[in-house]
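Beneath this line is the structure, given in structure tokens, with notes to follow.
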Amino acid sequence: MEKIIEEKKQGTTIKPIQKSGNTRKLYIESYGCQMNFSDSEIVASILSKEGFNTTSSLEDADLVLVNTCSIREKAELTVRKRLEKFNAVKKTRPHMKVGVLGCMAERLKSQLLEEEKIVDMVVGPDAYKDLPNLVKEVDDGRNAVNVILSKEETYGDIAPVRLNSNGVTAFVSITRGCDNMCTFCVVPFTRGRERSRDPQSIVEEVNDLWNRGFKEITLLGQNVDSYLWYGGGLKKDFKDSTEIQKATAVNFSQLLAMVAEAQPKLRIRFSTSNPQDMTMDVIETMAHYNNICNYIHLPVQSGSDRILKAMNRLHTRDEYFKLIDNIRKIIPDCAISQDIITGFPTETEQDHQDTLSLMDYVKYDFGFMFAYSERPGTMAARKFEDDIPHEIKKRRLSEIIEKQLAHSLYRTQLHIGKIEEVLIEGVSKKSDTQWRGRNSQNTVVVFPKENYKVGDFVMVQIDSCTSATLIGTALDYSENN
Ligand code: 5AD
Ligand code: SF4
3 MEKIIEEKKQ
13 GTTIKPIQKS
23 GNTRKLYIES
33 YGCQMNFSDS
43 EIVASILSKE
53 GFNTTSSLED
63 ADLVLVNTCS
73 IREKAELTVR
83 KRLEKFNAVK
93 KTRPHMKVGV
103 LGCMAERLKS
113 QLLEEEKIVD
123 MVVGPDAYKD
133 LPNLVKEVDD
143 GRNAVNVILS
153 KEETYGDIAP
163 VRLNSNGVTA
173 FVSITRGCDN
183 MCTFCVVPFT
193 RGRERSRDPQ
203 SIVEEVNDLW
213 NRGFKEITLL
223 GQNVDSYLWY
233 GGGLKKDFKD
243 STEIQKATAV
253 NFSQLLAMVA
263 EAQPKLRIRF
273 STSNPQDMTM
283 DVIETMAHYN
293 NICNYIHLPV
303 QSGSDRILKA
313 MNRLHTRDEY
323 FKLIDNIRKI
333 IPDCAISQDI
343 ITGFPTETEQ
353 DHQDTLSLMD
363 YVKYDFGFMF
373 AYSERPGTMA
383 ARKFEDDIPH
393 EIKKRRLSEI
403 IEKQLAHSLY
413 RTQLHIGKIE
423 EVLIEGVSKK
433 SDTQWRGRNS
443 QNTVVVFPKE
453 NYKVGDFVMV
463 QIDSCTSATL
473 IGTALDYSEN
483 N
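Note that the sequence shown covers residues 3 to 483 in our numbering.
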């Protein structure tokens with residue numbers, strides 16, 4: 003499952019871009035995972051050819067789009083609240099049209115038009131190329147809906163406009179959809195079956211980003227390790243492909259190697275990995291190429307075998323430990339992060355203790371922790387009662403968060419005294435005189451600016467830390483610069 007964007011970036015509006023000749027204004031807000039933020043860049047690209055420039059001011063907009071998330075109930079409630087705000091603005095701008103994109107659009111379909119009178123257009127994640135037609139429909143005064151999920155669509159041929167970018171780091175999507183059917187998860191229903199993007203178009207996009215000055219890319223997918231290109235089509239149909247297709251297929255470790263070799267100075271990250279799909283060759287490829295960062299986001303969801311089974315996670319606690327041991331053996335300084343859900347139906351105190359003890363074993367560098375939220379239509383919603391009281395979910399969640407904070411501090415402290423390569427991404431949030439960047443392990447590092455600039459690779463002596471941030475002094479440019 004795709005990593006959720008930090009809370010404070012939720013709803014971020016794309017910075018304005020201006021293409022001469024465009025006369026209408028598009029305001030777009032994104033919620034949820036990195037894939038949604040990346041999709042909004044594809045949407046802006048498609049609509050810029052239809053006469054729309056983006057604006058960061060809602061009050062100026064002719065078309066308002068909200069790219070939505072359905073992963074937890076709270077994510078949907080946030081969007082419903084925003085629709086109320088849009089409704090208020092629409093009173094003063096009656097010609098303004100409002101569209102809902104993404105997972106909520108797919109989950110609720112035309113029901114959204116009935117429930118939210120303000121909505122003019124509902125567009126699922128595989129239908130963005132139909133936006134020009136849908137906008138025309140809406141212009142003609144009709145509501146427009148396209149929530150068809152596709153077997154092929156990867157948007158591989160659309161060059162996203164990098165609108166909200168720092169000019170240094172960018173996302174490149176490589177797969178869409180998910181076939182894993184974890185019982186709690188709405189994603190297989192909202193984003194459809196898994197398909198991979200042509201590696202050639204991925205390498206071209208990566209080369210283009212490098213030529214435009216970007217220094218780091220993150221390969222994105224709900225389940226990147228499951229990447230498989232055999233000429234197009236669904237992952238599940240690979241078994242029916244021809245002998246030639248099978249022999250020439252490209253898997254994730256091969257894709258990683260292709261990208262790493264195409265741009266040896268570009269930093270490469272990827273997200274998200276799924277324990278059951280991550281193979282040793284991916285870890286070996288990471289170890290082989292210096293420019294692939296030593297960081298793996300490896301959600302576990304629970305430390306209890308019984309709950310893992312009920313979640314349809316296709317691995318045991320022991321198999322997960324073996325994977326962790328192998329990662330540590332091959333890449334000793336690899337950072338690992340988790341997603342954990344607490345309060346899944348039937349979870350006992352013992353299951354919860356199993357999650358805490360799993361955390362003690364791994365000592366994750368970072369973590370994203372959630373209380374279980376029942377999603378309509380999922381297998382868990384059909385099979386189980388959401389029987390863990392809110393108060394217990396809350397208490398277990400805070401115990402997990404507390405443990406993660408202690409482990410994050412432990413991991414962060416291990417960097418003190420080391421000299422690490424940092425890619426400068428921007429100014430520190432706390433001080434104008436300091437740069438902010440990240441090391442290979444994805445930990446934030448701040449240090450005095452001196453004469454370095456955004457986009458430089460710098461060797462930094464790590465002097466001290468807070469629980470999540472390293473504080474250091476720049477020594478020199480890195481060899482990579
Ligand atoms: N309730 C709570 N958390 C969920 N996630 C996915 N579905 C749910 C749900 N129904 C979490 C998982 C996933 C992350 C992105 O969101 O931990 O990895
Ligand atoms: Fe991730 Fe499982 Fe959801 Fe797929 S079904 S997106 S692997 S949590």
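No residue lacks a Cβ here, since even glycine has one placed at the ideal position from N, Cα and C.
Small disclaimer: the values here were computed from a predicted structure and weren't measured.
M288 to I294, Cα distance in whole Å?
6 Å
Under the criterion of a Cβ to heavy atom distance below 7 Å, does C295 qualify as lining the ligand SF4?
no
From the DSSP output, in three-state form, read off F173 for me.
strand
R315 to C184, Cα distance in whole Å?
6 Å
Using DSSP with H/G/I as helix, E/B as strand and the rest coil, what is N148?
strand
Within 10 Å of its beta-carbon, does G223 have 16 or more other beta-carbons around it, so buried, or fewer, so exposed?
buried
Whose CA, out of E118, K11, L28 and L358, lies closest to the CA of N38?
K11
Who does V284 pair with in a DSSP beta bridge?
V284 is not bridged to any residue.
Is C180 near the ligand ADP, judged by its Cβ being under 7 Å from some heavy atom?
Only the ligand 5AD and the ligand SF4 can be found as ligands here, which leaves the ligand ADP out of the picture.
Rounding to the nearest angstrom, what Cα-Cα distance links L65 and P96 in this structure?
11 Å
What is the DSSP secondary structure of M98, reduced to helix, strand or coil?
coil
Please list, in chain order, all residues of the same chain as M260 whose beta carbon is under 7 Å from its beta carbon, the five residues on each side excluded.
P201 and V205
Give every residue of the same chain whose Cβ lies closer than 7 Å to the Cβ of S466, excluding the five residues on either side of it in the sequence, and list them in chain order.
I418 and I473
Is it true that the CB of N483 sits closer than 8 Å to the CB of F459?
yes
Using DSSP bridges, identify the partner residues of C467.
L472
Less than 7 Å separating the Cβ of Q415 from some heavy atom of the ligand SF4?
no
Following the continuous beta strand (DSSP E) through S359, name the residue where it begins and the one where it ends.
Per DSSP, S359 belongs to no beta strand (DSSP E); it is in the alpha helix (DSSP H), E351 to V364.
Given the structure, does F216 come close to the ligand 5AD, in the sense that its CB is under 7 Å from one of the ligand's heavy atoms?
no
With hydrogens ignored, establish whether the beta-carbon of P301 is closer than 7 Å to any heavy atom of the ligand 5AD.
yes
Any heavy atom of the ligand SF4 closer than 7 Å to the Cβ of V189?
yes
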